[in-house]
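Trainee:
Residue numbers (UniProt numbering): 1 to 194.
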């Protein structure tokens, strides 16, 4: 985002594509210099699409959602510690849990206020929350990563972005592995939806 803000044309590619390109070029060493040259050659040959930075509102929402998830993870860790904590540790754990719960509520209010302040964001949030099973937390995560623009032409594109598409393993007529979820997408989106 810093390079984009400074006026540079930025492209974002899947790291697996960069690695596969390096292997296809026969590159054996991995250094910053080799990587820079490889990425420059990749861009020269493949001409990846220019990336457009998210709206500042989306950036702010994403930062709040990421922070909320980090504190939620901490809260879970502290709850797990209470099961095995010694008596001398309990006051510290209990105090931290109280602080985390208060901070999570504050962040949830901040997220709601942020989405309420923008009419388009509020409308999209209401639409998402009209879907059974999607509440305030899930809608905030979806808005943070989907954004205000219509990023996806089809539901299949969103499913692939979230890593919810099946991964098939077949070769000829005799080798058929079980289909699994690809998990080659956005972890935070997939986590919010499950």
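We put the beta carbon where it would ideally sit given N, CA and C, even for glycine.
Report the residue from 32, 29 and 7 whose alpha carbon sits nearest the alpha carbon of residue 50.
Mentor: 7
Trainee: Rank 75, 108, 110 and 114 by C-alpha distance to the C-alpha of residue 95 and give the top, closest one.
Mentor: For residue 95, the closest of 75, 108, 110 and 114 by C-alpha to C-alpha distance is 75.
Trainee: Could you tell me whether the segment 13-21 touches the segment 99-116, where touching means 3 or more Cβ pairs closer than 8 Å?
Mentor: no
Trainee: Contact check, residue 144 vs residue 61 under 8 Å by CB: the rounded distance?
Mentor: Rounded to whole angstroms, the Cβ separation of residue 144 and residue 61 is 5 Å, and the two are in contact under 8 Å.
Trainee: Can you name the residues that DSSP bridges to residue 166?
Mentor: DSSP links residue 166 through a beta bridge to 181.
Trainee: Look at residue 153 and residue 190 and say whether their C-beta atoms are less than 8 Å apart.
Mentor: no
Trainee: Please give the ranges of any alpha helix (DSSP H) in the UniProt domain "Transposase IS110-like N-terminal" (3-82), keeping only runs that are unbroken, at least 4 residues long and fully inside the region.
Mentor: 15-24 and 32-46
Trainee: For residue 132, count neighbouring Cβ atoms within 10 angstroms of its own Cβ and tell me buried if that reaches 16, exposed if not.
Mentor: exposed
Trainee: Going by beta-carbon coordinates alone, are residue 147 and residue 54 separated by less than 8 Å?
Mentor: A Cβ-Cβ contact shorter than 8 Å links residue 147 with residue 54.
Trainee: Looking at the structure shown, is residue 88 part of a helix, part of a strand, or coil, going by DSSP?
Mentor: coil
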